[in-house]
Amino acid sequence: MASGNALLKERADKVFIGTYARYPAAMVKGEGCRLTDSSGREYLDFLSGIAVCSLGHCHPEVTAAIQSQAARLVHVSNLYYTEPQTELAEILVGRSFADKIFMANSGAEANEAAIKLARIHAGEGRYEIISLSGSFHGRTLATVAATGQPKFHRGFEPLPEGFCHAPFDDLAALEKMVSGKTCAILCEPLQGEGGVRPLGREYLAGIRALCDNHDLLLIFDEIQTGLGRTGTLFAYEQLGVTPDIMTLAKALGNGLPIGAMLTTAEIAQSFVPGTHASTFGGNPVASAAAVATMRVLTEDGFLEDVMVRGDYFRGELQKLAAEYPSLLSGVRGLGMILALMLTEEGIDAGTDIVNSMFDRGFLMNFAGNAVLRFVPPLIVTREEIDTFLDGLADVLSDY
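Counting from 16, one number per residue, gives the positions in the sequence shown under the numbering used here.
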């Protein structure tokens with residue numbers, strides 16, 4: 016008799032368009048750093064719904080906020096004010112460089128808002144946005160065009176004009192691409208989907224200076240790096256560079272879909288009623304979840320502890336890299352977004368390693384066709400890190 020996993024897979028495959036290569040597991044329960052499938056099998060989750068469930072699955076404070084808000088008010092659109100949305104905006108503005116905020120439902124939508132704001136702020140004739148090779152900014156046509164990975168472009172040409180991609184970590188090449196049409200530079204402080212590649216402090220400082228010298232806006236896509244993932248609330252806080260616009264999503268609602276674009280009061284004036292909107296953006300239930308998430312993230316000592324455990328995790332990964340030099344060439348990342356860099360031999364085995372970990376009850380992924388990526392919940396314990404690494408060592412020993 017087929018298992019619950021197989022039965023649900025069969026049902027789903029009949030009705031869903033095949034845009035996902037899913038694992039054969041139907042998840043039915045989550046708690047903390049662990050997920051359970053329909054057969055009762057448990058998984059230690061070091062993927063967090065792709066850096067989304069940073070407080071773990073079904074965090075009690077977030078769950079309580081969702082339940083309470085859902086019993087009072089679910090949706091009214093942005094034609095009216097709501098308390099949860101306003102409170103969330105106050106928290107994000109109060110904790111960042113920004114003065115103003117626009118709320119959306121996803122990272123791609125937040126980036127779309129940033130692109131539109133940069134263009135309308137620059138004025139007629141200045142519409143081009145330069146991003147970096149290896150970047151990932153979303154799946155809409157505009158954010159795909161901004162994404163610096165050709166594999167995401169194929170089949171969707173012609174892409175919207177006004178986007179170009181500079182070589183990674185080459186400031187001189189970037190400066191040569193600036194023209195009278197350029198209005199902004201868009202980058203991730205650390206490229207997540209591109210293989211957990213941090214942008215160096217000097218490189219980022221150079222990009223900031225380039226923007227200042229040419230009257231360009233600097234947009235930071237902190238959709239994956241923001242909200243505690245790197246050990247500070249926003250990655251820019253530890254990198255010595257402040258953007259003009261910042262986008263957030265993923266971990267903001269700890270599982271509920273919500274995104275945000277933040278900027279200064281002066282730049283925000285370019286958006287007026289009618290220039291941009293979102294029916295569901297900042298939905299009361301999603302906003303209530305995000306408020307609860309932000310309260311936990313900003314508790315005294317929380318992020319400092321994330322940094323301590325992130326340092327521990329990095330150190331243990333470095334030991335693993337030293338033990339398997341034919342497969343692993345080192346460790347990179349910030350805070351609790353870390354990766355084992357793979358050698359040529361390791362890259363060939365990358366997908367198999369991830370699949371073998373899944374078979375053993377551990378969730379992770381292969382990113383940028385270059386690294387094994389780890390984005391566990393920020394609440395992960397040292398004991399859970401050790402358990403995960405023991406499993407990974409067993410898998411690596413097979414190769």
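Every residue, glycine too, gets a C-beta built ideally from N, C-alpha and C.
These numbers come from a predicted model, not from an experiment.
Notebook entry, point to check: In its own chain, which residues sit with a C-beta less than 7 Å from the C-beta of residue 12, not counting the 5 before and 5 after it?
Noted result: Within the shown structure, residues of the chain are numbered from 16 to 414, placing residue 12 beyond reach of any answer.
Item checked: Reference residue 214; option with closest CA among 251, 88, 115, 304 -> 251
Next item on the list: May I ask you to report which of helix, strand or coil DSSP gives residue 368?
Entry: helix
Notebook entry, point to check: My guess is that residue 163 and residue 148 are in contact by the Cβ rule of under 8 Å, so how many angstroms apart are they, rounded?
Noted result: 4 Å
Notebook entry, point to check: So, residue 232 versus residue 198, is the Cβ gap smaller than 8 Å?
Noted result: yes
Checklist line | Simplified DSSP assignment, three categories, for residue 345 | finding: strand
Margin query: Contact between the stretch 149-159 and the stretch 184-195 is defined here as three or more beta-carbon pairs at a separation below 8 Å; is this criterion met?
Written below: no
Check: Can residue 71 and residue 272 be called in contact, C-beta distance under 8 Å?
Finding: no
Notebook entry, point to check: If you drop the 5 nearest sequence neighbours on each side, which residues of the same chain put their C-beta closer than 8 Å to that of residue 358?
Noted result: 340, 341, 342, 343, 344
Margin query: If we require 4 or more residues per run, which alpha helix (DSSP H) segments fall completely within the stretch 302-334?
Written below: none
Note to self: According to DSSP, is residue 191 part of a helix, a strand, or is it coil?
What the structure shows: helix
Notebook entry, point to check: Secondary structure at residue 60, three-state DSSP: helix, strand or coil?
Noted result: strand
Next item on the list: With distances taken Cα to Cα, identify the nearest neighbour of residue 259 among 377, 166, 312, 137.
Entry: 137
Notebook entry, point to check: For the candidate residues 21, 96, 87, whose alpha-carbon lies nearest to that of residue 294?
Noted result: 96
Margin query: If you measure between the beta carbons of residue 335 and residue 280, is that distance less than 8 Å?
Written below: no
Notebook entry, point to check: Which first and last residues belong to the beta strand (DSSP E) in which residue 13 is found?
Noted result: One cannot answer for residue 13 here, as it falls past the ends of the chain, which runs 16 to 414.
Next item on the list: Leaving out five residues on either side along the sequence, give the residues of the same chain with a beta carbon under 7 Å from the beta carbon of residue 366.
Entry: 381
Note to self: Under DSSP, the alpha helix (DSSP H) around residue 109 begins and ends at which residues?
What the structure shows: 98-109
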